[in-house]
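Working notes, structure below.
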Amino acid sequence: MPSSLPSSDRPLRIGTRGSPLALAQAHECRHRLMDTFSLSEDTLQIIIIKVTGDLIHNRPLREIGGKGLFTREIEEALLSNTIDIAVHSMKDMPTEQPPGLTLDVYLPREDVRDAFISKHASNLADLPSGLTVGTSSLRRRAQVLHRRSDLNVVEFRGNLQTRLKKLSDGVADCTFLAVAGINRLALTKVPAYPIDPDIMLPAVAQGAIGIERRSHDSYVADLLMAIHDPRTAQQLVAERSFLATLDGSCETPIAGLAEIKGSNLSMRGEVLRPDGSEVIGDRLSGPIEDGKEIGRELAQSILAKIGSDFFSD
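For what it's worth, this note's numbering labels the leading residue of the sequence shown as 4, then goes sequentially.
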């Protein structure tokens, strides 16, 4: 138990992006702290921070700076003491944090799967040839083209609601969303069809929420540890080690998922050519405590199978 708790006079300031999903994740963090420490809402203040990645919707993310566009301004607010913690979607997070910041607390992970959304079919295999798939994810693009090279794939940037509106406006005939986002926003009327990871392996850390803080802030560290989920952390240690070893970026189609059964951790991973023409994947298992090494060795196994020009298409 921390020596003191946030109060209405000195609230804990929670930084987040302003999208509906980001706000839902920040509220989940706030409610877990409220329930754990019997706090009132006015002791936990949510502060919306505008980030570059949410302001530019007409260009692919990889062309304007990559994942850091969703975190840079929030991390600057942490370092300048404008906020006390930052709530992030972990699949948006680079594998290394800026000096002075620590990311080591995770909330219980949601559903890791992707969902297929279309009025034309309930799965990708049944989609008529020649239709248009909308996605901003290089991973999903490559996975789609690997299975259905007869489909047209177009850029589809924006938050979850924006992409659903583009779909209804006919910009594309189908798209993909993370099941976790659909669940967190309670979008029960969206015709979403979850895809088994054996068919479409998800992004590294998909469905997980991470909480970042200043490294020296032991008070905040004590607060956050009370809502930390060790199982999610064990999965993400392996997955982020896998991504870091591959030196993954928004220009690299990478997928990975760690699963835990008993005391064993099993990790699947794959990399794809951007045009979907080839997929190189592998699997590795071992004790949970070896998760970081499992992720690293899995990545090295895949790197040994690909050439230096693999991602150059």
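Every residue, glycine too, gets a C-beta built ideally from N, C-alpha and C.
For clarity, every value in this text was computed on a predicted model and none was experimentally measured.
ask   = Does DSSP put Val274 in a helix, a strand or coil?
value = strand
request  = Assign Ala145 to one of three DSSP states: helix, strand, or coil.
outcome  = helix
task = Kindly provide the ranges of any beta strand (DSSP E) runs that are 3 or more residues long and lie completely inside the segment 119–171, ordered along the chain.
result = 135–137 and 155–157
request  = Spell out the partners DSSP gives Arg20 in its beta bridges.
outcome  = Arg20 pairs with nothing; no bridge assigned.
task = State the DSSP-derived secondary structure class of Thr178, mapped to helix, strand or coil.
result = strand
query = What residues match up with Gly213 in a beta bridge as DSSP calls it?
reply = His91 and Tyr109
request  = Tell me, please, which residues DSSP counts as bridged to Gln48.
outcome  = Arg16
inquiry  = Measuring straight from C-alpha to C-alpha, what distance separates Ile257 and Leu24?
reply    = 23 Å
ask   = Hey, how far is the Cα of Ile120 from the Cα of Asn162?
value = 15 Å
query = Is Lys264 helix, strand or coil when you go by DSSP?
reply = strand
Candidates Ile52, Leu239 and Arg13: closest to Ile291 by CA position = Leu239
message = So the candidates are Asp38, Leu134 and Gly21; which of them puts its Cα closest to the Cα of Val90?
response = Gly21
request  = Starting from Ser288, follow its DSSP beta bridges and name the residues at the other end.
outcome  = Ser269
Cα-Cα separation between Ser11 and Ile17, rounded to whole angstroms = 14 Å
Cutoff 6 Å; reference Lys308; Cβ partners in own chain excluding five residues on either side = Ile283
task = Within its chain, find whatever has a CB closer than 6 Å to the CB of Gly289; leave out the 5 residues flanking it on each side and keep chain order.
result = Ile297
task = Counting only the same chain and skipping the five closest in sequence on each side, list residues whose C-beta sits under 7 Å from that of Leu246.
result = Thr98, Val207, Ile257 and Gly259
ask   = Buried or exposed: where does Thr178 fall if 16 or more other Cβ atoms within 10 Å of its Cβ makes it buried?
value = buried
inquiry  = Pull the bridge partners of Leu104 from the DSSP assignment, please.
reply    = Arg217
task = Mind checking which residues open and close the alpha helix (DSSP H) that includes Ala302?
result = Gly294 to Leu306
Three-state secondary structure (DSSP) of Asp199 = coil
message = Give me, in chain order, the residues of the same chain whose beta-carbon lies closer than 8 Å to that of Leu268; leave out the 5 immediate sequence neighbours on both sides.
response = Gln237, Gln238, Ala241, Ala261, Glu262, Ser288, Gly289, Pro290, Ile291, Asp293, Gly294 and Ile297
For Ala29, the three-state DSSP class (helix, strand or coil) = helix
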